[in-house]
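Number of protein chains: 2
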Amino acid sequence: MSEDETLDPEDWESVRRSFHDAVDLAIDHLRGIRDKPVWTPTPDSVKEKLRGALPRGGEPLERLVSSVAQDMLPYGNGNIHPRFFGWVHGAGNLAGALGEMLAGFMNSNLGGRDHVAIYVERQIIAWCKEIFSYPAESSGILTSGTSMGTVIALAAARQAQGGEELPRLGMAGVEKRLVGYASSEAHSSVAKAFDLLGFGREALRLVPVDETFRLSLPHLTQMIAADRAAGLDPAIVVASAGTVNTGAIDDVDAIAELCREQRLWLHVDGAFGGLAVLLPEFRPRLASIARADSVAFDFHKWLQVPYDAGCVLVKDEHAHRAAFTARRDYLAPAHRGLVGGDPWFCDYGPELSRGFRALKVWFTIKAHGIDKLSAIIARNCRQAQLLGEAVAASGDLELLAPVSLNVVCFRFAAAGLAAAELDRLNDEIVAELQLRGIAAPSTTRIHGRTAIRVALVNHRTRNEDLMLLVDAARRLGHESLAAWRAQGGSL
Amino acid sequence: MSEDETLDPEDWESVRRSFHDAVDLAIDHLRGIRDKPVWTPTPDSVKEKLRGALPRGGEPLERLVSSVAQDMLPYGNGNIHPRFFGWVHGAGNLAGALGEMLAGFMNSNLGGRDHVAIYVERQIIAWCKEIFSYPAESSGILTSGTSMGTVIALAAARQAQGGEELPRLGMAGVEKRLVGYASSEAHSSVAKAFDLLGFGREALRLVPVDETFRLSLPHLTQMIAADRAAGLDPAIVVASAGTVNTGAIDDVDAIAELCREQRLWLHVDGAFGGLAVLLPEFRPRLASIARADSVAFDFHKWLQVPYDAGCVLVKDEHAHRAAFTARRDYLAPAHRGLVGGDPWFCDYGPELSRGFRALKVWFTIKAHGIDKLSAIIARNCRQAQLLGEAVAASGDLELLAPVSLNVVCFRFAAAGLAAAELDRLNDEIVAELQLRGIAAPSTTRIHGRTAIRVALVNHRTRNEDLMLLVDAARRLGHESLAAWRAQGGSL
Chain A
1373 MSEDETLDPE
1383 DWESVRRSFH
1393 DAVDLAIDHL
1403 RGIRDKPVWT
1413 PTPDSVKEKL
1423 RGALPRGGEP
1433 LERLVSSVAQ
1443 DMLPYGNGNI
1453 HPRFFGWVHG
1463 AGNLAGALGE
1473 MLAGFMNSNL
1483 GGRDHVAIYV
1493 ERQIIAWCKE
1503 IFSYPAESSG
1513 ILTSGTSMGT
1523 VIALAAARQA
1533 QGGEELPRLG
1543 MAGVEKRLVG
1553 YASSEAHSSV
1563 AKAFDLLGFG
1573 REALRLVPVD
1583 ETFRLSLPHL
1593 TQMIAADRAA
1603 GLDPAIVVAS
1613 AGTVNTGAID
1623 DVDAIAELCR
1633 EQRLWLHVDG
1643 AFGGLAVLLP
1653 EFRPRLASIA
1663 RADSVAFDFH
1673 KWLQVPYDAG
1683 CVLVKDEHAH
1693 RAAFTARRDY
1703 LAPAHRGLVG
1713 GDPWFCDYGP
1723 ELSRGFRALK
1733 VWFTIKAHGI
1743 DKLSAIIARN
1753 CRQAQLLGEA
1763 VAASGDLELL
1773 APVSLNVVCF
1783 RFAAAGLAAA
1793 ELDRLNDEIV
1803 AELQLRGIAA
1813 PSTTRIHGRT
1823 AIRVALVNHR
1833 TRNEDLMLLV
1843 DAARRLGHES
1853 LAAWRAQGGS
1863 L
Chain B
1373 MSEDETLDPE
1383 DWESVRRSFH
1393 DAVDLAIDHL
1403 RGIRDKPVWT
1413 PTPDSVKEKL
1423 RGALPRGGEP
1433 LERLVSSVAQ
1443 DMLPYGNGNI
1453 HPRFFGWVHG
1463 AGNLAGALGE
1473 MLAGFMNSNL
1483 GGRDHVAIYV
1493 ERQIIAWCKE
1503 IFSYPAESSG
1513 ILTSGTSMGT
1523 VIALAAARQA
1533 QGGEELPRLG
1543 MAGVEKRLVG
1553 YASSEAHSSV
1563 AKAFDLLGFG
1573 REALRLVPVD
1583 ETFRLSLPHL
1593 TQMIAADRAA
1603 GLDPAIVVAS
1613 AGTVNTGAID
1623 DVDAIAELCR
1633 EQRLWLHVDG
1643 AFGGLAVLLP
1653 EFRPRLASIA
1663 RADSVAFDFH
1673 KWLQVPYDAG
1683 CVLVKDEHAH
1693 RAAFTARRDY
1703 LAPAHRGLVG
1713 GDPWFCDYGP
1723 ELSRGFRALK
1733 VWFTIKAHGI
1743 DKLSAIIARN
1753 CRQAQLLGEA
1763 VAASGDLELL
1773 APVSLNVVCF
1783 RFAAAGLAAA
1793 ELDRLNDEIV
1803 AELQLRGIAA
1813 PSTTRIHGRT
1823 AIRVALVNHR
1833 TRNEDLMLLV
1843 DAARRLGHES
1853 LAAWRAQGGS
1863 L
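Protein sequences appear in the order of chains A and B. Basically the numbering used here = 1-based index in the first sequence + 1372. Basically the numbering used here = 1-based index in the second sequence + 1372.
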């Protein structure tokens, strides 16, 4: 390598062409997505091609672009397809992809310092405060998603609730025995956050839910009292604004009132459902997120920003910052030059290096506007009602949970089958829907029974896609049933 | 909005053109980067333009692309410029940006499930195991960077060292009082990880360094013995493979031996320096990373992958997985369909949603090959030596620390100035270098004195850039000195 050689190309025009080619094939792929299978298993031959020792020499960009076209685009996650209904996966959008591309070029590190990317992220956070009616002096930071947002929020909660000595002495060094509460339907990321922060799994009390899968307030009240009586220190409640299983929305307002009385930190997991606050029909149930001490949610779900992008807002800026500040000499701030830009984002989260994910959020919101993004959310909720009605009317499908937001849990039901057989039958239906590329719902368990679970967060989904799903689920159910019966009866 | 309207464009050709235009202007910006100022403060007018309420309506993509061209590209972080020497910032590369763009289109979620992106990330991790001679059965995961990698590694360490009951009862519920050790020169992310995990700041013992800024093994040995005598439970040592202040490399082999004897978990912070293991000249000092229980490092520094991208490897796959597994019903694995792909990455870190950052790493390594990437690392180390020699030969600059890797700490020295005056003079030089767009070193404190700190991790830096820096630092030092003296003597 010559002394002045860099990783920049000698032939800039050829690189430019590779970018243009990659843009073209990715756009063509997306444009034709409806006519492709939702999901195609990655062939063994592709897995084999990807394997290999660390490459010593380089390859031309155009060859790598061809590899992506041939070996990657056809075997994606499925969530850019209109009939992907699994888990809670956003479908992405082109403006966001353009933002991500430009972030790749700019190569900014948003841990801190004074550069324009910082101001873009701050603007996104200001918009989020506007959405959730959070005060201007609250703090916030973009994250990879709600899981990290919850970790950050609960670290701030611990800082605020753990007493002065906890940061120095740790969880084991103080008298307080902090415990927290979330419903039994809360997302697993809440338990993971408690684990990571060192609370221990037992410190997260799982509160029973009512018949609509919402946290039971009487149970919460009793559990707090019992823990206090046992000498523990109730400190945190996590409310779910849209549970992943059924889309249930906890009674945030009543929980906020209890937290105020009991001096507990209220964190809201609004991963996807929180953004329904944008809709008049859900605003009454979600406006009280403004009363919570913190809220975490995702841009990559219902706002269709490409993965990954989430946000956490914290009302107590001081606790938030104190939980994460640990600057050393080489990060000392100054008022002049690149080291300006205080406050630095690295003081509000665990990461010192942070990419410019704000740009894809900025592109998504600026290109589409929040009204159109909200209209997609509203349509998905209408689609969930419609699907719920179609299931109820179908005769051989049954709803397993009320449809409160955008999640529909149902199953194929057939008389005379044992519970375990029905579970296997529904697992089979979902696997076949996926393997045949027809649609991609996921499964979950509702009251101990396997459910076909459809989460609608996809701007490409049309009503006809739902009807196609209902028809296919019924057809596959009958097919499997007939095949099994032909093979001798028992499933 | 009509029932079938999506976020996809009506006019696909116009979006395609916006992408092409964005590619062209970003490539042109990068191509001419050497002739631009290293850094330009974001003007107030730009900050003002970025401000505004949450946009209700959308804007055409071409207008957003123009905003980026006008208001963002000129006010970037500076690290894509050949004379950015601050902190430890990689310079990025076009192949990586192309990978990032395609990841934006694919919109994959690598929390789990069975799709091609998972196999790409697994391949990157296999290459990392190859680089650090880690066994094939060790586990790993891509992260936003070493800060998160260290959090994950130390959570695995706690799982392995804390005893069976810690996950259930938490740090406060078990007898063990875990403590860890790192040198006083260790990166602040180590202290932040201890904080986050609930150890408490005092549980991280800062071990003094020797005259070359390496962790002092005699002190470490004594401190472990004293802690055991005091009834504490020494559990973890974090060694630095390249400190951020001076690039010092701890004696990993000797520390590994001590950890083996004492049954401590050894984690190596290899954020940038770890990758020097690729070079024959550093291999003897870094090969013992293979003896560590875990290692975290960054792709976005010395491998020039666009921000953000790092990795953590953990030898004890079981402890790693146990520290993070918490699946619920809706994430139950299955052998058929999309829910295959076990093991899922969400079981090896705190994140359930994870973008396809592996693709920009894949593009970077495949396009350039590890030999060329290693040659850049080697050249940066040669440049550090060269700069050290130029400083020593200059007469009015002095080295403040030995140059052991790629970091050069020096200052402008003038006879007859008090210590505080010299510090201010050197702060002034760095601020002026940045504000005039000449070069962007950062500052740090070495033995209590302000140092001009140059970290060479930039593939665009030429030797002439270093000479330009030396000349400019001297000139600015004399200028400031003269100006201050003209104003009446005292600084």
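Using N, Cα and C, we set each Cβ at its ideal position, and we do this for glycine too. Predicted model, so just to flag it, every value in this text is computed and none were measured.
For this session: Determine the chain B residues that contact Arg1371(A) at a beta-carbon separation under 7 Å, and present them in chain order.
Result: In the structure as shown, chain A begins at 1373 and stops at 1863. Residue 1371(A) is therefore absent and cannot be evaluated.
Exercise. Could one say the Cβ of Phe1735(B) lies closer than 8 Å to chain A's Cβ atoms, at least one of them?
Worked result: Position 363 of the second sequence, counted from the first residue, corresponds to residue 1735(B). Chain A, which has a Cβ nearer than 8 Å to the Cβ of Phe1735(B), makes this yes.
Exercise. If Arg1825(B) and Cys1781(B) are in contact, beta carbons under 8 Å, what's the gap, nearest whole angstrom?
Worked result: Stepping through the second sequence from its first residue, residue 1825(B) is reached at position 453. Stepping through the second sequence from its first residue, residue 1781(B) is reached at position 409. Arg1825(B) to Cys1781(B), Cβ: 5 Å. Contact.
Problem set entry | Uninterrupted alpha helix (DSSP H) stretches inside the stretch 1546 to 1600 of chain A (no shorter than 4 residues) | 1560 to 1568
Exercise. Since Ala1811(A) and Phe1457(A) are thought to touch, with beta carbons under 8 Å apart, how far apart are those beta carbons, to the nearest angstrom?
Worked result: As a first step, residue 1811(A) is located in the first sequence; it is residue number 439 there, counting from the start. As a first step, residue 1457(A) is located in the first sequence; it is residue number 85 there, counting from the start. Their Cβ separation, rounded to whole angstroms, is 6 Å, which keeps Ala1811(A) and Phe1457(A) in contact under 8 Å.
Exercise. Going along chain A in order, which residues have a C-beta closer than 8 Å to the C-beta of Tyr1720(B)?
Worked result: Indexing the second sequence from 1 puts residue 1720(B) at position 348. None at all; the shortest Cβ gap to chain A is about 12 Å.
For this session: Give the straight-line distance between the Cα atoms of Glu1547(A) and Lys1419(A), rounded to the nearest whole angstrom.
Result: Taking the first sequence and counting its residues from 1, the one referred to as residue 1547(A) is at position 175. Taking the first sequence and counting its residues from 1, the one referred to as residue 1419(A) is at position 47. For Glu1547(A) and Lys1419(A), the distance between alpha carbons rounds to 53 Å.
Exercise. DSSP puts Ile1818(B) in a beta bridge; with which residues?
Worked result: Position 446 of the second sequence, counted from the start, is the residue given in the question as residue 1818(B). Looking at the DSSP output, Ile1818(B) shares a beta bridge with Arg1821(B).
For this session: Starting from the C-beta of Val1640(A), find all residues in its chain whose C-beta is less than 6 Å away, skip the five residues before and the five after it, and write them out in chain order.
Result: The residue you call residue 1640(A) lines up with position 268 of the first sequence. Contacts found: Ala1611, Ala1613, Ile1661, Ala1664, Val1667.
Exercise. Taking the Cβ atom as the reference point for each residue, do Gln1732(A) and Val1677(A) lie within a distance shorter than 8 Å?
Worked result: Counted from its first residue, the first sequence places residue 1732(A) at position 360. Counted from its first residue, the first sequence places residue 1677(A) at position 305. Sequence inspection shows Lys at residue 1732(A); the Gln mentioned does not correspond to that position. Cβ distance < 8 Å, so Lys1732(A) and Val1677(A) count as in contact.
Problem set entry | Burial state of Met1473(A), where buried means 16 or more other Cβ atoms lie within 10 Å | The count along the first sequence starts at 1 and reaches residue 1473(A) at position 101. When all chains shown are included, Met1473(A) counts as buried.
For this session: Would you list the one or two residues that DSSP bridges to His1639(B)?
Result: Walking along the second sequence from the start, residue 1639(B) turns up at place 267. Bridge partners of His1639(B): Val1610(B), Ser1666(B).
For this session: Locate the alpha helix (DSSP H) running through Gly1682(B), then write down its first and last residues.
Result: Indexing the second sequence from 1 puts residue 1682(B) at position 310. Careful: Gly1682(B) lies outside any alpha helix (DSSP H), inside the beta strand (DSSP E) at 1682 to 1686.
Exercise. What did DSSP end up calling Gly1534(B) once you bin it into helix, strand or coil?
Worked result: By one-based count along the second sequence, residue 1534(B) stands at place 162. Residue state, collapsed to three classes: coil.
Exercise. Does the Cβ of Leu1578(B) lie closer than 7 Å to at least one heavy atom of the ligand NAD?
Worked result: This structure lacks the ligand NAD; in fact it carries no ligand of any kind.
Problem set entry | Contact list for the stretch 1393 to 1412 of chain A against chain B, Cβ threshold 7 Å | Residues Ala1394, Val1395, Asp1396, Ala1398, Ile1399, Leu1402, Arg1403, Trp1411.
Problem set entry | Residues within the stretch 1505 to 1526 of chain B neighbouring chain A, beta-carbon criterion of under 7 Å | So the close ones are Ser1516, Gly1517, Ser1519, Met1520, Val1523.
Exercise. Sorted by chain position, which residues of the same chain lie with C-beta nearer than 7 Å to Asp1719(A)'s C-beta, five sequence neighbours on each side aside?
Worked result: Locating residue 1719(A) in the first sequence gives position 347, where the first residue counts as 1. Counting only Cβ-Cβ distances below 7 Å, and skipping sequence neighbours, we find Arg1693, Phe1696, Thr1697.
Problem set entry | Nearest residue (CA-CA) to Gly1381(A), options Gly1424(B), Val1460(B), Ala1467(B), His1461(B) | The sequence position of residue 1381(A) within the first sequence is 9, counting from 1. Here residue 1381(A) turns out to be Pro, not Gly, going by the sequence shown. Nearest neighbour of Pro1381(A) by Cα position, chosen from Gly1424(B), Val1460(B), Ala1467(B), His1461(B), turns out to be Ala1467(B).
Exercise. Shortest alpha-carbon distance to Glu1434(B) belongs to which of His1453(B), Leu1569(B), Glu1385(B), Leu1587(B)?
Worked result: The sequence position of residue 1434(B) within the second sequence is 62, counting from 1. Looking at the Cα atoms, Glu1385(B) is the closest of the given residues.
Problem set entry | Contacts that His1831(A) makes with chain C (C-beta to C-beta distance below 7 Å) | Given the protein chain composition of this structure (A and B), no chain C is represented.
For this session: Throw me the rounded Cβ distance for the Ser1561(A) and Val1686(A) pair, which I believe falls under 8 Å.
Result: The sequence position of residue 1561(A) within the first sequence is 189, counting from 1. The sequence position of residue 1686(A) within the first sequence is 314, counting from 1. The pair is not a contact, with the Cβ atoms about 17 Å apart (cut-off 8 Å).
For this session: Using the DSSP secondary-structure output, state which residues sit across from Asp1605(B) in a beta bridge.
Result: Residue mapping note: residue 1605(B) aligns to position 233 of the second sequence, counting from 1. The partner list for Asp1605(B) (beta bridge, DSSP) reads Leu1550(B).
Exercise. Do we get a CB-CB distance below 8 Å when we pair Thr1414(A) with the residues of chain B?
Worked result: Translated into positions along the first sequence, residue 1414(A) becomes position 42. It does; some Cβ of chain B falls within 8 Å.
Exercise. Within 8 Å (strictly less), CB to CB, does Asp1599(B) reach chain A?
Worked result: As a first step, residue 1599(B) must be located in the second sequence, where it is residue number 227. Chain A contact via Cβ: absent.
For this session: Consider the Cβ of Gln1676(B): report whether some Cβ of chain A lies at a distance smaller than 8 Å.
Result: Position 304 of the second sequence holds residue 1676(B). By this cut-off, Gln1676(B) is an interface position.
Exercise. Name the DSSP bridge partner or partners of Leu1771(A)?
Worked result: The residue given as residue 1771(A) occupies position 399 in the first sequence. The partner list for Leu1771(A) (beta bridge, DSSP) reads Phe1782(A).
Exercise. How about Phe1671(B) and Gly1484(B): do their beta carbons lie closer than 8 Å?
Worked result: Counted from its first residue, the second sequence places residue 1671(B) at position 299. Counted from its first residue, the second sequence places residue 1484(B) at position 112. Cβ atoms of Phe1671(B) and Gly1484(B): not closer than 8 Å.
Problem set entry | Neighbourhood of Ser1588(B) by C-beta distance below 8 Å, restricted to the same chain and skipping five residues each side | Numbered from 1 along the second sequence, position 216 holds the residue referred to as residue 1588(B). Correct list, in chain order: Ser1555, Val1579, Pro1580, Val1581, Asp1582.
For this session: Kindly list the residues whose CB is nearer than 6 Å to the CB of Ile1748(A), restricted to its own chain and excluding five residues on each side of it in sequence; keep chain order.
Result: In the first sequence, residue 1748(A) corresponds to position 376, counting from 1. Hits under 6 Å: His1831.
Exercise. Where does Ile1621(A) sit, in a helix, a strand or coil, going by DSSP?
Worked result: Locating residue 1621(A) in the first sequence gives position 249, where the first residue counts as 1. Under the three-state reduction of DSSP, Ile1621(A) is assigned to strand.
For this session: Output yes if chain A places a C-beta closer than 8 Å to the C-beta of Tyr1553(B); else output no.
Result: Working through the second sequence from its first residue, we reach residue 1553(B) at position 181. With 8 Å as the cut-off, Tyr1553(B) does not count as an interface residue toward chain A.
Exercise. Should Lys1738(A) be flagged as near chain B, meaning a C-beta pair shorter than 8 Å?
Worked result: The sequence position of residue 1738(A) within the first sequence is 366, counting from 1. Answer yes: the Cβ-Cβ gap between Lys1738(A) and chain B drops below 8 Å somewhere.
For this session: For Trp1411(A), I'd like the list of residues in its chain whose CB is within less than 7 Å of its CB, leaving aside the five on either flank, ordered along the chain.
Result: Reading the first sequence from its first residue, position 39 is the one you call residue 1411(A). So the qualifying residues of the chain are Gly1450, Gln1806, Gly1809, Ala1812.
Exercise. In chain order, what residues of the same chain have a beta carbon less than 8 Å from the beta carbon of Ile1490(A), not counting five sequence neighbours either side?
Worked result: Residue numbering aside, residue 1490(A) sits at position 118 when the first sequence is read from its first letter. Correct list, in chain order: Leu1482, Gly1484, Gly1713, Phe1717.
Problem set entry | Limits of the unbroken beta strand (DSSP E) element including Ile1497(A) | Counted from its first residue, the first sequence places residue 1497(A) at position 125. Here Ile1497(A) belongs to no beta strand (DSSP E); instead the alpha helix (DSSP H) covers 1488 to 1504.
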